[in-house]
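Since the structure comes first, as structure tokens, the remarks are kept for the end.
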Amino acid sequence: MRDGAMVRRSIALRDGRLTTGPFPAVDLTGYYVMPGVVDLHSTSFQHLLSGETPDLALIDREAASHGVTTRFLAQPWSWERESTSPEAAAQLGRALIAYRRRSLTDLRLALSCERIMVADEDALLDLVDACAVGQVVFSNRAETAADLLRNDPDAFAQWAWTWGTRTERLEAALRRVLPQAASVPRHLCRLAEAFDARGVIYGSHGDQTAETREHYSMIGAGLCLSPGTARVAAAARAVGDPVLACAEDVLSPAPQRRVARTTALIDAGLCDALVSDRHSASPVQAAFRLTELGLLPLERAWALIAEKPAEILRLPDRGVLAPGKRADLVIIHAETRQVEATICGGRLTFMTGEAAARFLGVAAEPRMAAE
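Going by the numbering used here, the sequence shown opens with residue 1114, and the numbers climb by one from there.
In structure tokens:
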């Protein structure tokens, strides 16, 4: 894929960048050579976090196997349980810094911040500074939880089960933070000012009304992640704010989730990028599924998982295949549509199947061309 179109041309790699040849070539006839996936919101890694030391090597390998070359790990900054606490977020941030030199994939920390966490404002900004956090999205689960606790105790108990904690423990955690609710508006304004000064891109997650989205937009929280309705997405687009939707929903829509259907948003021109969320492999699969459904040609579907996310997070060196850009590529079997090789920053980070045989059949060179 070059210049937004599918073409039969060679592409060369040198010193971690895309360039022009001629160099020793790998014949990739029968494969799609696409820009590496730029995934702005992944939560699938959370089930791999255990103990005091996160297994980032496993998270890294999983990302590479799904064609991901840049992934934002969306860690909660919340009140529900220990694994979503500010301390857990700081622990993951420290682990990412320590792991960075060994990382195959460009793994970055993003924060899913419960807006009611007013008392932890200074700690949040300290973590943003220490770990160069470039993305934060606000959520408001505390308000929803409080409503359930008052009006539907059974649903609240089910929510506690979903979070892997006891009902009484979740209730106690909720009651500890609810007194901070009155301070939330000023808290958000202070964070917005601090994020702007640091160049952090921020937004909101799961807005259920256009009015909520408009409020966030007014303070500069432009990212609209998983909007609850098409009207919310339209409100974001009306002021030029990017809409991010869940790729997994393209594959298997979940009617119980309080979000707008991703395919409906795309069909209405209300989606700027797809994110993996809970399903690590979903971006690549969703791009091909959109093509099968006739909603988008492959090059436009792929832009939703590479070029557009890179633009949204101000990463101008990736997302497209062009000379001078980072050598981030994913190589996909044209018939099976399986990822068979991933190249990140000019390094092979994953290979399998026939593609692996073709790469291994070429003498190791610091420069190569794929054609």
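We put the CB at the ideal spot given by N, CA and C, even for glycine.
The structure presented is a predicted model; accordingly, all values stated were derived computationally and were not measured.
Which of the three DSSP states is assigned to residue i in this structure?
i, result
"V1352", "coil"
"S1157", "helix"
"G1474", "coil"
"L1357", "strand"
"G1129", "coil"
"D1152", "strand"
"V1231", "helix"
"T1275", "helix"
"W1192", "coil"
"I1314", "strand"
"A1381", "coil"
"L1409", "coil"
"L1238", "helix"
"R1109", "Past the boundaries of the shown model lies residue 1109; the chain is included only from 1114 to 1484, so the question cannot be answered."
"V1139", "strand"
"A1419", "coil"
"R1214", "helix"
"V1181", "strand"
"A1447", "coil"
"A1187", "strand"
With distance defined between alpha-carbon atoms, name the residue in the options nearest to residue i.
i, options, result
"L1222", "V1231, R1215, P1189 and S1198", "P1189"
"L1126", "I1456, D1140, D1152 and L1262", "I1456"
"M1304", "L1283, L1237, S1339 and R1263", "Here residue 1304 is Leu; the residue named in the question, Met, does not match the sequence. Closest by alpha carbon: L1237."
"T1449", "L1426, K1421, F1401 and A1419", "F1401"
"I1210", "S1191, A1243, S1225 and T1156", "A1243"
"L1186", "A1201, W1192, E1195 and R1194", "A1201"
"M1230", "S1216, F1251, V1246 and A1245", "F1251"
"A1273", "R1263, A1232, E1284 and R1460", "E1284"
"E1327", "A1307, G1312, R1350 and S1339", "R1350"
"D1430", "A1447, S1123, G1458 and R1471", "G1458"
"L1403", "F1136, D1362 and T1197", "D1362"
"V1313", "V1120, R1427 and E1175", "R1427"
"V1120", "E1412, D1233 and L1153", "E1412"
"D1235", "H1300, H1392, R1471 and P1167", "H1300"
"S1123", "V1452, C1337 and L1442", "L1442"
"V1297", "D1233, L1409 and E1424", "D1233"
"R1194", "R1282, L1417, L1473 and L1262", "R1282"
"L1336", "I1425, A1373, Q1271 and E1306", "I1425"
"G1134", "F1472, V1452 and G1437", "G1437"
"G1247", "N1264, Q1204 and F1308", "F1308"
"D1239", "A1373, Q1204, E1405 and P1366", "Q1204"
"Q1451", "G1341, L1153, H1179 and R1311", "H1179"
Over the uninterrupted alpha helix (DSSP H) stretch that includes residue i, give me the two end residues.
i, result
"A1223", "It is not in any alpha helix (DSSP H) - A1223 instead sits in the beta strand (DSSP E) that spans D1219 to E1227."
"V1297", "V1297 to R1311"
"R1254", "R1254 to N1264"
"V1246", "Careful: V1246 lies outside any alpha helix (DSSP H) and carries neither H nor E."
"T1280", "T1280 to V1290"
Let's see if you can read the secondary structure: which residues bound the beta strand (DSSP E) around residue i?
i, result
"P1148", "Y1144 to P1148"
"A1386", "A1386 to V1388"
"S1330", "Here S1330 belongs to no beta strand (DSSP E); instead the alpha helix (DSSP H) covers A1323 to M1331."
"R1431", "Taken as a continuous stretch (DSSP letters only), R1431 belongs to no beta strand (DSSP E), as it is neither H nor E."
"I1456", "V1452 to C1457"
"R1460", "R1460 to M1464"
Measure the CB-CB distance between residue i and residue j and report whether it falls below 7 Å.
i, j, result
"A1323", "A1348", "yes"
"I1444", "Y1144", "yes"
"V1151", "G1432", "yes"
"A1454", "A1435", "no"
"T1132", "D1173", "no"
"A1334", "S1317", "yes"
"A1440", "G1206", "no"
"T1375", "A1358", "yes"
"C1226", "V1249", "yes"
"A1386", "K1421", "yes"
"L1364", "Q1321", "no"
"V1352", "S1330", "yes"
"T1465", "A1177", "no"
"L1220", "R1184", "yes"
"A1414", "P1148", "no"
"A1208", "L1169", "yes"
"S1339", "S1155", "no"
"A1286", "W1192", "yes"
"A1423", "P1396", "no"
"S1196", "R1391", "no"
Examine the Cβ distances between the stretch 1239-1255 and the stretch 1280-1298 and report whether three or more of them are shorter than 8 Å.
-> Touching, yes.
Touch test, the stretch 1199-1217 against the stretch 1271-1284, Cβ-Cβ under 8 Å, three pairs minimum | Taking 8 Å as the limit for Cβ pairs, the verdict is that the stretch 1271-1284 does not touch the stretch 1199-1217.
Okay, do the stretch 1132-1143 and the stretch 1374-1387 touch, 3+ Cβ pairs below 8 Å being the bar?
-> Verdict: no, contact absent.
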